[in-house]
Amino acid sequence: GSAARSGVVGPARSAARAMPALTATFYLGQGLYTVSLLYLTGPRHLPVGAVGACLSAAGVTGLVCAVPIGKLADRVCPQRVLCAALAVMAAAAIAVLTAVDTVAGALIAGCLYAIAWQSAYTARAALVAALAPHAPAELAARLYRMGNLGFGASMPLDGVVLSVGTVGAYRWALAGAAGCFALAASLAATVPAVDAVPPPGSQQPAGAKPWRDRRYLTVTALYALTSVQLALFEFALPLWVVRVGAPRWMVGASALLSTLTVVALQPAASRKVTGVRRAGLAMAAAGLATGAACLLLAAADHRGPAGAAALVALGAVVLAVAEVSQVVGSMTLSYALAPDGAHGAYQGLFSTGQGLAVAAGPLLLAHTVLAHGFAGWAALGIALAAAGLAVPPAAALPRTTPPLRKIRPGRI
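Per the working numbering, the very first residue in the sequence shown carries number 793; after that it's consecutive.
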């Protein structure tokens, strides 16, 4: 079955079958929860700037907690951390729905949600390593695909909510988000608790301090740079479509093209990209593809509506190819470069790469491609291509971590 193909062994094989449904439900809830911003600034009448500041502060709080949460998952049990985090996310959605009517309340609920989301993301990554020790990246790639489908399913629902625009519609969406998180928690509870700590006699770095592993830090930093391509699609592309005079429906069409490309290519890519060397090459290919996409999008200017639409569509497809290559390469490296028994802490650190890119990406893109046109696109493309090409030599560096220690019986 699919679990066997993903390297899942023993009793964990049946447990892993719950993970795709859990992931799709989780991301469906996350997509529905995105209406919370408009709910707070609309029916709740909170200032847009204040709510934005609350969300930024919450995002930073979640990133700061990433590594400690990962260490907790390693020490306790990733399945238990995942269940608790999903339950807290449901509670946060209910709080926004029923109790938040001040900026202070929005800050508290936002931080609670961000910490819980980071906990769920990190614990799920550690759980994948425990369920599929021989091929965690392949299982993670399957779950990424299910997450895309779940999040994509939320988009038309959000569209209906925004079109209706009533208080009741927003509340139904937030209630749906809470229900999705609660359902995901119940699915996580069906996964048997797994021991994230190595068995007696195995080895792990003392204290599991991934920030002292220069190789992992370097790869994480390069991953953060290459992840700017995600903000490129979500932030810059819609604005660029309007600027170059392409039909506005190209924004939705580009998103559909991207989703179809990712869904079609990712299964085969995840099977082929195995090991550190191939993963590094996949990241390099992703950087080059992103650079090529930047040039295609830059060329869309001054081409007329039809020419601009064609180049935007082609650029979106190339960006999707880059996303597939970057995702499978980065997932493989994130597991392969981490020592056994410390996947939670290391995954927590690695997740900050994408978090930083999402946070800083819009500002970077606003001052490059949107401010300087072709020159900005060219500079960005060169930078992202260089970041991708730097991954293979960085991944080949020796690990620099504290001396290994034995795990004695009875000692965690």
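Just so it is clear, CB atoms sit at the ideal spot from N, CA and C, and this is done for glycine as well.
Computed from a predicted structure; not experimentally measured.
- In the three-state DSSP reduction, Arg1063 falls in the helix class (H, G or I).
- Rounded to the nearest whole angstrom, the C-alpha separation of Leu1022 and Thr958 is 31 Å.
- The three-state reading of DSSP puts Ala1182 in coil, since its state is none of H, G, I, E or B.
- Shown here, Ser1019 sits in coil according to DSSP, grouped into three states, outside any helix or strand.
- The three-state reading of DSSP puts Lys1001 in coil, since its state is none of H, G, I, E or B.
- DSSP places His1159 in the coil class of the three-state scheme, outside both helix and strand.
- Put simply, of Gly944, Phe943, Trp964 the residue whose alpha carbon is nearest the alpha carbon of Val953 is Trp964.
- Listed in chain order, the beta strand (DSSP E) runs fully inside the segment 865 to 900 amount to none, counting runs of at least 3 residues.
- Take Val1110, set aside five residues on each side of it, and the residues of its chain with a beta-carbon closer than 7 Å to its own are Ala1081, Ala1084, Ala1085, Leu1088, in chain order.
- The continuous alpha helix (DSSP H) containing Pro1030 extends over residues 1029 to 1035.
- Distances from the CA of Arg809 to each of Arg937, Gly939, Thr982, Leu874 were compared; the closest alpha carbon is that of Thr982.
- Per the coordinates, the alpha-carbon of Thr1018 lies some 26 Å from the alpha-carbon of Pro812.
- Between the alpha carbons of Tyr831 and Ala1090 lies a distance of about 36 Å.
- At a Cβ-Cβ threshold of 7 Å, Ala1101 and Thr1053 do not count as neighbours.
- The closest CA to that of Ala980, considering only Leu889, Val873, Ala1163, is found on Val873.
- Closest option to Ala1171, judged by alpha-carbon separation, among Thr1160, Thr1144, Gln1146: Thr1160.
- Inclusion of Gly862 and Ala1137 in the CB contact set at 7 Å is warranted, their separation being smaller than that value.
- Between Tyr936 and Val1068, the gap from beta carbon to beta carbon reaches 7 Å or more.
- For Ala1187 and Val868, the gap between their C-alpha atoms comes out near 29 Å.
- For the pair Ser1143 and Tyr913, the CB atoms are nearer than the 7 Å cut-off.
- Counted as a single uninterrupted DSSP element, the alpha helix (DSSP H) harbouring Ala849 occupies residues 840 to 856.
- Following the DSSP letters along the chain, one finds Asp950 inside the alpha helix (DSSP H) bounded by residues 928 to 956.
- When DSSP assignments are scanned along the segment 1095 to 1131, the uninterrupted stretches of alpha helix (DSSP H) that are 4 or more residues long and fall wholly within it turn out to be 1096 to 1128.
- Within 10 angstroms of the beta-carbon of Leu1155 lie fewer than 16 other beta-carbons, which makes it exposed.
- By the C-beta density criterion, Arg916 is buried, having at least 16 other C-beta atoms within 10 angstroms.
- Separation of the CB atoms of Val1011 and Leu1181 is rounded to 13 Å, and the pair is thereby denied contact status at 8 Å.
- In the DSSP assignment, Val959 falls within the alpha helix (DSSP H) that extends over 959 to 981.
- Each residue's CA atom was taken as its position, placing Ala1078 and Ala985 some 36 Å apart.
- By the Cβ neighbour-count rule, Pro1185 is exposed, with fewer than 16 other Cβ atoms within 10 Å of its own.
- DSSP places Thr815 inside the alpha helix (DSSP H), whose first and last residues are 810 to 825.
- DSSP places Pro984 outside both helix and strand once states are collapsed to three, so it counts as coil.
- With a beta-carbon spacing of about 4 Å, Gly1121 and Met1075 fall inside the 8 Å limit used to define contacts.
- A residue is called buried once 16 or more other Cβ atoms fall within 10 Å of its Cβ, and Arg934 is buried on that count.
- Three or more Cβ pairs closer than 8 Å define a contact, and the segment 917 to 929 falls short of that threshold against the segment 943 to 951.
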